[in-house]
Structures are given as C-alpha cells and as structure tokens.
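Numbering (the numbering used here), first residue to last: 18 to 262.
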C-alpha cells in the first residue's frame, strides 16, 4: 500500500479483498472438512486443536477490554466475553465447543489439559493473544475482522458436516448456530471502528496488516493439521494420536 489515504469505503473494500484471498475457508484442509473427505480421526484432531483457539478468545478479549478507554467501548467488547465464557457454568461458546469434542468421542479432561495440541497450534494462538495484548487498540480491533467472513464459512461447515458425516448432528454442532448472529454483530462494530479511527495512511496500513496477520494465524493452524494428520501424516511427539485416543 502506498502513502495514499483511502476513503472509509475504499478501506473496507481493501479489507474484504484480503479475506477473499487469505481467509482460511480456502485452505485445502477446510475444503476437505466441508466436503466430507476427512476421517473421523482427522475431524477429532481438528476439533481438539481448534479448542485451544476457542478457549483463548476470552483471554484475548479480556486483555483488550482492560485497555479500552471508555465505558461505551468496554460495554461493547464485554459482550464477546459473555458470548464465549457464558454467564453461568455450561453456557457460552467454549462450553458448546466441548459438546462438539464430547460428541466426537474425545475425553473432555484430555481436551482441557491441552496435552494433545500440535506445537504450531499453540504458537499461532499464543501469537494472536500477544498481538492483541501488545499492539495498538486500533490494530487489536482490526485483527478481529476475520469475523466479516465467518458467517459464510460457518454455513458451509455446518451444512457440509451434517450432510457427509454420520458421527455429528445438530446438537454436537451447536457452537456454530449463535455465531451466525454474533459474528456479524461484532464485525459490524469492529469495521465501523476501524473505518472511523484509521485516519492516516500509516494507520490504514496497520489495520490491513492486522487482518493479514489474523488470516495467517488461522491458515497456519490448518497447515499443521494437514501436515500432521493428512499428508504426509507426520504427527509430532506428544501430539494427539487417534489410535491412542
């Protein structure tokens, strides 16, 4: 990007172009997941590793919440914590993700222990949490803008998995249904915020780079899943082994 200042609408178009090129719905592992070409063991590996991402979202959001300067912003961002942690035991997105891993036959204590994580999953998620903690508020909010693209991938994922896999059902996939409304609500706010507050070419570049970074986080997690559990199938020491589950 040059030193040219984009209009708010041009900035939005540039953000959406990043998603069209880099969002992880394009990854071969995700295409295989949606198209029914993964085994039950490979779906288990995906759900186990994705749990760390889901469980880390509230911690990520809490680090940003603590830095937000106004009550209005904090109230807006606080909803994300409730969405994922819930407001009572057994509620929220993290609890619903555990229903998915339960339904796939994985031991809940093992999932929550994080013992079976791929190293690259831990590195990627920890890097994302650190990014939101350490970068500017503008960049931190911009990194959440992958939610612009998530309703499409969620619809594809749920429809494809229900069609192709007899080991999942609507109940085990319950995590995804609230996200169809939560993600657009959250991304509408984040998009409006960055369009208003990215007022210089340097700030706009930082916003675009933040979204690229977040897309790379999600893509790299799938790269490692494909390498470990599909081709060439080299599972690193200590990571989840389906034959031992």
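Yeah, the Cβ is synthetic: ideal placement off N, Cα and C, and Gly gets one too.
Bear in mind that the values here come from a model prediction, so they are computed numbers and not experimental data.
Can you have a look at residue 163 and say buried or exposed, based on whether 16 or more other CB atoms are within 10 angstroms of its CB?
-> Translated into positions along the chain shown, residue 163 becomes position 146. Its Cβ being crowded by 16 or more others within 10 Å, residue 163 is buried.
Alpha carbon of residue 175 to alpha carbon of residue 193, nearest angstrom | As a first step, residue 175 is located in the chain shown; it is residue number 158 there, counting from the start. As a first step, residue 193 is located in the chain shown; it is residue number 176 there, counting from the start. Straight-line spacing of the CA atoms in residue 175 and residue 193 works out to 8 Å.
Can residue 237 be considered in contact with the ligand ZN, in the sense that its beta carbon sits closer than 7 Å to one or more heavy atoms?
-> Absent from the structure shown: the ligand ZN. Ligands present: none.
Cβ contact check for the region 132–140 and the region 200–217: 3 or more pairs under 8 Å = With the rule of 3 Cβ pairs closer than 8 Å, the region 132–140 does not count as touching the region 200–217.
Between the C-alpha atoms of residue 166 and residue 259, what's the straight-line distance to the nearest angstrom?
-> The residue labelled residue 166 in the question sits at position 149 within the chain shown. The residue labelled residue 259 in the question sits at position 242 within the chain shown. If you draw a straight line from the Cα of residue 166 to the Cα of residue 259, it is about 31 Å long.
Helix, strand or coil for residue 230 per DSSP?
-> The residue given as residue 230 occupies position 213 in the chain shown. In the structure shown, residue 230 sits in a helix (DSSP, three-state: H, G or I).
Within its chain, find whatever has a CB closer than 8 Å to the CB of residue 75; leave out the 5 residues flanking it on each side and keep chain order.
-> Here the question's residue 75 lines up with position 58 in the chain shown. Hits under 8 Å: 97, 98, 101, 102 and 111.
Boundaries of the alpha helix (DSSP H) in which residue 129 is found, first to last residue = Taking the first residue of the chain shown as position 1, residue 129 is located at position 112. Residue 129 -> alpha helix (DSSP H) spans 125–130.
Looking at the structure shown, is residue 18 part of a helix, part of a strand, or coil, going by DSSP?
-> What you label residue 18 is simply residue 1 of the chain shown in a count that begins at 1. Note that residue 18 scores 49 on pLDDT, short of 50, meaning its location in the model is unreliable; the coordinates nonetheless yield the value given after this. Coil.
Limits of the unbroken alpha helix (DSSP H) element including residue 193 | Locating residue 193 in the chain shown gives position 176, where the first residue counts as 1. That run of the alpha helix (DSSP H) goes 193–214.
Quick one, which of 29, 21, 54 and 236 has its alpha-carbon nearest residue 140's?
-> Reading the chain shown from its first residue, position 123 is the one you call residue 140. Among 29, 21, 54 and 236, the Cα nearest to that of residue 140 belongs to 236.
Helix, strand or coil: how does DSSP classify residue 171 here?
-> Looking up residue 171 in the chain shown gives position 154. Three-state DSSP puts residue 171 in a helix.
Straight-line gap, residue 243 to residue 45 (C-alpha atoms, nearest Å) = Position 226 of the chain shown, counting from 1, holds the residue named residue 243. Position 28 of the chain shown, counting from 1, holds the residue named residue 45. When rounded, the distance between both Cα atoms is 8 Å.
Out of 245, 225 and 255, state which residue places its alpha-carbon closest to the alpha-carbon of residue 22.
-> Taking the chain shown and counting its residues from 1, the one referred to as residue 22 is at position 5. Checking every option, the nearest Cα to that of residue 22 belongs to 225.
Residue burial classification, residue 227 (beta-carbon count within 10 angstroms, cutoff 16) = Counted from its first residue, the chain shown places residue 227 at position 210. With 16 or more Cβ atoms within 10 Å of its Cβ, residue 227 is classed as buried.
Assigned exposure category for residue 186 - 16 Cβ within 10 Å defines buried | Taking the first residue of the chain shown as position 1, residue 186 is located at position 169. That one is exposed.
From 70, 240 and 255, pick the residue whose C-alpha is nearest to that of residue 249; which is it?
-> Sequence index remark: in the chain shown, residue 249 carries index 232 (1-based). Ranking 70, 240 and 255 by Cα distance to residue 249 puts 240 first.
Where residue 120 sits in the DSSP three-state scheme = Taking the first residue of the chain shown as 1, we reach residue 120 at position 103. Reduced to three states, the DSSP call for residue 120 is helix.
Residue 273 by DSSP, collapsed to three states: which one?
-> Shown here, the chain extends from 18 to 262; a query on residue 273 therefore has no answer.
Rank 24, 37 and 62 by C-alpha distance to the C-alpha of residue 253 and give the top, closest one.
-> Within the chain shown, numbered from 1, the residue matching residue 253 stands at position 236. The alpha carbon of residue 253 has as its nearest neighbour, out of 24, 37 and 62, the alpha carbon of 62.
In angstroms with no decimal places, state the Cα-to-Cα distance between residue 18 and residue 161.
-> Here the question's residue 18 lines up with position 1 in the chain shown. Here the question's residue 161 lines up with position 144 in the chain shown. Caution applies to residue 18, whose pLDDT of 49 falls short of 50 and renders its modelled position unreliable; the model cannot decide the point.
Three-state secondary structure assigned by DSSP to residue 186 = What you label residue 186 is simply residue 169 of the chain shown in a count that begins at 1. Correct three-state label for residue 186: coil.
Three-state secondary structure (DSSP) at residue 33?
-> Your numbering for residue 33 matches position 16 in the chain shown. Three-state result, residue 33: helix.
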